[in-house]
Amino acid sequence: MSRAPESRKTDIFNTGRAFRMVAVLVCLGLLLPRSAAAQTEICRLPPEVEAISVTLQQMAGRDAIASGNLSYLRSLQRDISRSRVRSRVEASGMIRGVPMVMEMLDRAEQIAATGVIADAEGLQRLIRNIDQMVRLNCVPLGGDGTQAAQPLGTVTYAETRDLPKNFVTRVIEPILGIGAALLMVTGIAAAVLAGGRVFRWSMAYLYNTKACRIPASLTARDGSFPVEGLVTTMGRGGLRFQPDDAALMYARLEAMPAGKVTLAIGDAAIPATVSESYPGYAHFRFAERLSVQQQQEILQCSIITPFYIERSRRRGMNLRRAGF
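According to the working numbering, the sequence shown is numbered sequentially starting from 356.
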């Protein structure tokens, strides 16, 4: 059977679904740039540069270069991007330190290629200058010009040198990043689910949709083709009809022009149009929206006490009492 135009309820339901999708996109648009901005605000050298600096300092402070340190330095050199390093150092506000960082990378490349440190003291001095530059740019000063107190829970560039090699950048930061991402996704999912639930309940109260059991008869507009059954849900704009014989209802609806029917409920005859049909029941849209008083009079014919129901995610009703 061909479907008639969808009801106004269906249109509003689709609008609510689109609203929830837009809300998710807006949340992502607000949170993701904030996350990226938070990372650019971290005043520090790029992690790969810090790892090279720590490795060079360890190598320069010993008489012989350990093979493990040399292999690690070579692996760092293979993965580094100078253009990326330059842009990140400049973004951290350390523009004047770019030449020193580039010089250190040149020294690291030379050592990785030759396995020899030509000027260990000069290399240590260069690393100290870079460290001092980071401190001056990243540690705020107090009102008297001295170093301000370090906020609890922060780790400075110099302090990372006392940790295991590259432990912070390779272990701690990825874990924190994954945790933050999971928390963000969980929050968005919870907000979407809660919003959908609130929307469905609000639509139920807006349309005064209630579950009921009202004996009714479905006929063509001329009174022919009667089909007996029950009205199981009713709002001010339409209802759900459950026939005693579903096959008979489908056959009769096929013969009715444009699905226009009359629903006889007690003494009332309500013109309606079929909106959706499902196995065992069908939805009908009233030709004219009922007033609250008209709906209440019809609901008095119910053989059970009517109660509010939640709109389900599909085009139907979820028979759960409000508040449960």
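Where a beta carbon is used, it is the ideal one built from N, C-alpha and C, also for glycine.
Since this is a predicted model, take the numbers as computed values, not measurements.
Proximity winner among the options, relative to residue i (alpha-carbon distances)
{"i": "G590", "options": "Q655, S422, Q650 and R433", "result": "Q650"}
{"i": "P570", "options": "P626, Q655 and R462", "result": "Q655"}
{"i": "S422", "options": "S442, G470 and M457", "result": "G470"}
{"i": "R607", "options": "V582, E458 and L618", "result": "V582"}
{"i": "V404", "options": "R640, A637 and V456", "result": "V456"}
{"i": "Q413", "options": "T617, R483, D599 and F641", "result": "R483"}
{"i": "A613", "options": "R595, A642, F596 and D599", "result": "A642"}
{"i": "V586", "options": "R399, V409, L618 and R451", "result": "L618"}
{"i": "A463", "options": "S442, S408, R451 and Q487", "result": "S408"}
{"i": "I466", "options": "V444, L428 and R443", "result": "L428"}
{"i": "S430", "options": "A468, G542 and G534", "result": "A468"}
{"i": "Q432", "options": "A419, L460, I420 and A549", "result": "L460"}
Min CB distance residue i to chain D below 8 angstroms
{"i": "S572", "result": "Among the chains of the structure shown, chain D does not appear; only one protein chain is present."}
Bridge partner(s) assigned by DSSP for residue i
{"i": "A627", "result": "V616 and F641"}
{"i": "P401", "result": "According to DSSP, which records beta bridges pairwise, P401 is partnered with nothing at all."}
{"i": "Y663", "result": "K565"}
{"i": "Q597", "result": "L585"}
{"i": "A575", "result": "V616"}
{"i": "K570", "result": "In the sequence as presented, Lys is not what sits at residue 570; that position holds Pro. P570 is bridged to L585."}
{"i": "Y633", "result": "Y636"}
Cβ-based neighbour list, residue i, same chain, cut-off 6 angstroms, excluding 5 preceding and 5 following
{"i": "I659", "result": "R568"}
{"i": "M338", "result": "An answer regarding residue 338 cannot be provided, because it is not within the stretch 356 to 679 covered by the chain."}
{"i": "A601", "result": "G635"}
{"i": "N492", "result": "G448 and M449"}
{"i": "S572", "result": "P581, E583 and A619"}
{"i": "V616", "result": "L573 and A627"}
{"i": "R443", "result": "P401"}
{"i": "M604", "result": "V582 and P598"}
{"i": "R595", "result": "T587, T588, Y636 and H638"}
{"i": "E445", "result": "none"}
{"i": "I420", "result": "M414"}
{"i": "R657", "result": "What sits at residue 657 in the sequence shown is Ser, not Arg. C567, R568 and I569."}
Assumed close pair residue i, residue j - CB separation to whole angstroms, cut-off 8 angstroms
{"i": "A415", "j": "I472", "result": "6 angstroms"}
8 angstroms Cβ shell around residue i - same chain, five flanking residues per side excluded
{"i": "K565", "result": "T588, M589, G590, L654, P661, F662, Y663 and I664"}
{"i": "M488", "result": "M449, R451, G452 and M455"}
{"i": "R722", "result": "With the chain covering 356 to 679 only, the question about residue 722 has no answer from this structure."}
{"i": "E681", "result": "With the chain running from 356 to 679 in the structure shown, residue 681 is simply not present."}
{"i": "S579", "result": "none"}
Close Cβ partners of residue i (< 7 angstroms) along its chain, the five nearest in sequence each way excluded
{"i": "E458", "result": "L481"}
{"i": "L645", "result": "R591"}
{"i": "N424", "result": "T410, Q413 and M414"}
{"i": "N563", "result": "G590, R591, V647 and Q650"}
{"i": "R640", "result": "S362, G592, G593, A627, T628 and S630"}
{"i": "R441", "result": "V453"}
{"i": "T541", "result": "none"}
{"i": "S426", "result": "none"}
{"i": "T370", "result": "Note that T370 has pLDDT 49, beneath the 50 cutoff, so the model's placement of it is unreliable and the number below is only indicative. Correct list: empty, nothing qualifies."}
Distance cut-off 7 angstroms: residue i Cβ against heavy atoms of the ligand ADP
{"i": "L654", "result": "Absence of the ligand ADP is noted for the structure shown, with no ligands found whatsoever."}
Touch check for the stretch 528-537 and the stretch 609-625: three-plus C-beta pairs under 8 angstroms?
no
Three or more C-beta pairs under 8 angstroms: does that hold for the stretch 474-489 against the stretch 422-438?
no
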